[in-house]
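Just below is one structure, and these are the notes that go with it.
In our numbering, the protein residues as written are 46 to 391.
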């Protein structure tokens, strides 16, 4: 595990794992290739050994989830000494859950690894204007802790509204069963992707997170992307347009469209900046309602636009739901409410 000095610090008696993955024996995650004849998985072999018996890492799409990538998905591959999985455009909602499992190299039987670290690298934003922001999430109850670089560019937030910071091994702050989400906050490009874990730059370390696990044969990770996340100009991605843009949320006659949330003219929206609680929360879009402005009221506009052109899209009929309307502060000092009105198409 990376310690505050940038070197490795081990907080557990870790199972010996390979620093460099030697081969990718299956490469067809979600059935999108590039090796269409392989089982629908990515299988890295071997990744470690216990008592002289080697084991592999198998990545599959978790039950009930979807994973899409332009087929054949040539970006899923070995990249130098790293396994690379395409995060952006994970499914039509921009969210997918992947299952990481350990199996015996020879027999395929499930293997429980006593303790280990697992790192995610290259969490960044793409498309030049923050159109895509990568994030990974894992249940707080699944991990023993996490590690961020002291100069981290990764934001940390939990479904219960709490968050952590970098520089040491942290116990996951999430309530049992809730998810801790690690999100990109800075722009990147393919040229800055890491290829060797023993030769990481400061920038590459700042865009990574290392998770600590104990006694696991498998674990699930949610991957997601949010195209803009700066509602009312309060962040967390301060360089984005002042909106939240979820892309895509549907299609009409084969043309996909996005949902854009903005502050309506004449209204204000405030949240302690950077507003890390505005995010993708699993398969939901999450917007901070409490303390919306000094009066506790804000009007938001929800608009549909063409994914490619940004032109307004009229959706013939649809349902739209609001969840988690509750009171906070223990004594009912804050009670959330939504009032909806429609705007006739022009």
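Every residue, glycine too, gets a C-beta built ideally from N, C-alpha and C.
If you're wondering where the values come from, they're calculated on a predicted model, not measured in any experiment.
Among the options, the one whose alpha carbon lies nearest that of residue i
| i | options | result |
| --- | --- | --- |
| residue 234 | 242, 225, 248 | 248 |
| residue 262 | 69, 81, 100 | 100 |
| residue 232 | 199, 240, 145, 300 | 199 |
| residue 268 | 245, 326, 80, 275 | 326 |
| residue 183 | 225, 122, 202 | 225 |
| residue 161 | 322, 73, 344, 257 | 257 |
| residue 169 | 150, 131, 158, 148 | 131 |
| residue 329 | 309, 87, 315, 369 | 369 |
| residue 471 | 244, 242, 245, 202 | It is not possible to answer for residue 471, since the shown part of the chain is limited to 46 through 391. |
| residue 395 | 313, 237, 323, 141 | Nothing in the structure corresponds to residue 395, since the chain is present only between 46 and 391. |
| residue 394 | 189, 179, 109 | The structure shown has nothing for residue 394, since the chain only spans 46 to 391. |
| residue 156 | 316, 242, 98 | 98 |
| residue 158 | 73, 96, 80, 190 | 96 |
| residue 277 | 311, 152, 260 | 311 |
| residue 244 | 126, 367, 260 | 126 |
| residue 80 | 122, 94, 107, 111 | 122 |
| residue 260 | 237, 189, 197 | 189 |
| residue 181 | 148, 140, 196 | 140 |
| residue 94 | 117, 119, 148, 120 | 148 |
Straight-line gap, residue i to residue j (C-alpha atoms, nearest Å)
| i | j | result |
| --- | --- | --- |
| residue 113 | residue 291 | 16 angstroms |
| residue 186 | residue 357 | 42 angstroms |
| residue 78 | residue 105 | 13 angstroms |
| residue 251 | residue 194 | 5 angstroms |
| residue 362 | residue 297 | 11 angstroms |
| residue 320 | residue 280 | 5 angstroms |
| residue 351 | residue 82 | 35 angstroms |
| residue 32 | residue 359 | As displayed, the chain neither begins before 46 nor continues past 391, which places residue 32 out of reach and without an answer. |
| residue 192 | residue 294 | 33 angstroms |
| residue 287 | residue 304 | 14 angstroms |
| residue 273 | residue 75 | 26 angstroms |
| residue 355 | residue 179 | 21 angstroms |
| residue 150 | residue 124 | 21 angstroms |
| residue 307 | residue 313 | 10 angstroms |
| residue 22 | residue 246 | What is shown of the chain runs 46 to 391, which leaves residue 22 out entirely. |
| residue 152 | residue 237 | 38 angstroms |
| residue 197 | residue 227 | 11 angstroms |
| residue 255 | residue 342 | 39 angstroms |
| residue 117 | residue 289 | 30 angstroms |
| residue 317 | residue 111 | 34 angstroms |
Proximal residues to residue i (C-beta, below 7 angstroms), its chain only, five neighbours per side dropped
| i | result |
| --- | --- |
| residue 89 | 66, 69, 101, 102, 128 |
| residue 309 | 344, 345, 346 |
| residue 107 | 142, 143, 144, 265 |
| residue 300 | 351 |
Contacting residues, own chain, Cβ-Cβ under 6 angstroms from residue i (five flanking each side not counted)
| i | result |
| --- | --- |
| residue 166 | 239, 253 |
| residue 146 | 103, 263 |
| residue 332 | 323 |
| residue 210 | Confidence at residue 210 is low in this model, with a pLDDT of 43, below 50, so its placement is unreliable and the value that follows should be read with caution. Excluding residues within five positions, none has a Cβ falling inside 6 angstroms. |
| residue 241 | 125, 126 |
| residue 119 | 79 |
Cβ shell of residue i (< 8 angstroms), same chain only, five flanking positions each side left out
| i | result |
| --- | --- |
| residue 84 | 71, 73 |
| residue 86 | 71, 73, 74, 103, 104, 105 |
| residue 302 | 293, 294, 295, 296, 349, 350, 351, 352, 358, 360 |
| residue 154 | 148 |
Cutoff 7 angstroms: residue i Cβ touching any chain C Cβ
| i | result |
| --- | --- |
| residue 303 | In summary, chain C is missing from the structure at hand, where a single protein chain is found. |
Cβ-heavy atom distance, residue i to the ligand SAM, below 6 angstroms
| i | result |
| --- | --- |
| residue 312 | In the structure on display, the ligand SAM does not appear, and there are no ligands present to speak of. |
Margin query: To test your reading of the DSSP string, which unbroken beta strand (DSSP E) runs of 3 or more residues are found completely within the segment 57 to 127?
Written below: 68 to 72, 87 to 95, 98 to 106, 122 to 124
Next item on the list: Could you tell me which uninterrupted alpha helix (DSSP H) segments, each at least 4 residues in length, are contained entirely in the segment 229 to 296, listed from first to last along the chain?
Entry: 247 to 251
Item checked: 3-residue-minimum beta strand (DSSP E) runs that sit fully inside the segment 298 to 325, ordered along the chain -> 300 to 308
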